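Numbering (this note's numbering), first residue to last: 8 to 117.
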């Protein structure tokens, strides 16, 4: 369940970062602040059972990749194969960290 919290926190991060750029009235700013709070609450729940460094790396990797992709597909940022390649590297690193931390958690449990 902890990894679900991390993934949800990363997805919510995409929305609140976009909100930081796009918010223009008080209600939108309240929504951004609420999204930040929910995102970090989910992270804190994940920290209870997963390594902090791995959780934070996965969270920021998902957020960074998602933000770049959303800018390309939703906001007209120029597409670049180099951007996509670097996002791919981030995701490979995130998957690697998740697999390594999963192995370590299983070893610690044994």
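Built from N, CA and C at the ideal position, the CB exists for glycine as well. This one's a predicted model, so the numbers in the text were calculated from it and none came from an experiment.
Within the model, the alpha-carbon separation for residue 102 versus residue 75 is close to 18 Å. By the Cβ test, the segment 30-38 is not in contact with the segment 73-88, since fewer than three Cβ pairs between them sit closer than 8 Å. Taking a C-beta distance under 8 Å as the contact criterion, residue 108 and residue 50 do not qualify as a contact pair.
For residue 56, there is no enclosing alpha helix (DSSP H), as DSSP marks it with neither H nor E. Taking the C-beta atoms as reference points, residue 17 is found nearer than 8 Å to residue 73. One alpha carbon belongs to residue 43, the other to residue 88, and they sit about 30 Å apart.
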